[in-house]
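Trainee: Dropping the structure in here first, questions after.
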Amino acid sequence: MGSPRTALAELLSGNRRFVSGQPVHGHDVTAAAAASGDQQPYAVLLGCIDSRVPLEAIFDQTFGAICVIRTGGHVLDRAVLGSIEYVVGELGVTLVMVLGHERCGAVASTVDVLRGGRSPGGALAHLVDQIAPAVTEVGVDDPRVLPMAIRRHALRTVAALRADDLFAAPVAAGRLAVVGALYDLTTGEVTLLEE
Ligand SMILES: [Zn+2]
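Right under this line is the structure:
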């Protein structure tokens, strides 16, 4: 398994292929068949369910290359955390990326609720509860609350992952990297978030 640095370089070069309109990995069944043995992914990505942000496509990754988890607003829960623990602990992946995106509906809904809008019922309320601290940190009345809270929420998700019992030691030793990034819906570009 490669280092976190080479894993990140591979991901970002895939995004450059995608942005330049020159992806090399088509999604055809020969690629599926070629990857039908044991899996050896090199990264795990946690992104939003937004239909405009298909992770394998925007990083130009083929079958078997990356594990992808998507939830509304890339919210963590135990199922998500357990899945990432599996990929890191059992498959030996060295890079975890949390990918937020502009105009995220989950974050926008949370801003609306915190501004006095009606709270959603059901399990959707869980997503709002998990995103709310990022919105509050930015300030719900800030005119740039949505883009700022999207960034803050991604970085909070990164921090939560780094603090995981199984990840803290390998992160401290440099064997595992957890990074936050942002997807630009217009250009297709992914940029790493500054901390
Ligand atoms: Zn979203």
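For this note's numbering, add 7 to where a residue sits in the sequence shown, where the first one is 1. C-beta atoms are modelled at their ideal positions from N, C-alpha and C, and glycine is treated no differently.
Mind checking who H32 pairs with in its DSSP beta bridge?
Mentor: The partner list for H32 (beta bridge, DSSP) is empty, contrary to what the question assumes.
Trainee: Straight-line CA distance for L192 to R110?
Mentor: Between the alpha carbons of L192 and R110 lies a distance of about 8 Å.
Trainee: Would V51 pass as a contact of V118 if the rule is Cβ separation under 7 Å?
Mentor: no
Trainee: Residues bridged to L102 by DSSP?
Mentor: A184
Trainee: Between G187 and the rest of its own chain, which residues show a CB-CB distance below 6 Å, the 5 nearest in sequence each way excluded?
Mentor: Within the same chain, G187 has close Cβ partners V105, A161, L162, V165, L200.
Trainee: Using only CA atoms, which one of V147, D35, A180 lies nearest to A64?
Mentor: D35
Trainee: So, with DSSP's three-state summary, where would you put Y93?
Mentor: helix
Trainee: Return helix, strand or coil for G112, following the three-state DSSP convention.
Mentor: helix
Trainee: For L203, which of A167, A180, D67 has the nearest alpha-carbon?
Mentor: Missing from the structure shown is residue 203; the chain here goes from 8 to 202 and no further.
Trainee: Residue ranges of each alpha helix (DSSP H) run of no fewer than 4 residues wholly in the segment 143–198, ordered along the chain?
Mentor: 152–169, 175–180
Trainee: Which class does T117 belong to by DSSP, given the choice of helix, strand or coil?
Mentor: In the displayed model, T117 falls within a helix according to three-state DSSP.
Trainee: Taking the alpha carbon of S116 as the point to measure from, which residue in A86, V87, L153 has its own alpha carbon closest?
Mentor: L153
Trainee: Quick one: Cα of F25 to Cα of P61, how far?
Mentor: 12 Å
Trainee: Would you kindly work out how many angstroms separate the C-alpha atoms of A132 and A141, rounded to a whole number?
Mentor: 15 Å
Trainee: Under 8 Å Cβ to Cβ from T198, same chain only, skipping five residues before and after it: list those, please.
Mentor: Counting only Cβ-Cβ distances below 8 Å, and skipping sequence neighbours, we find A188, L189, D191.
Trainee: Please enumerate, following chain order, all residues with a beta carbon closer than 6 Å to at least one heavy atom belonging to ligand 1.
Mentor: Taking every residue with its beta carbon within less than 6 Å of a heavy atom belonging to ligand 1 gives, in chain order, C55, D57, G80, H108, C111, G112, A113.
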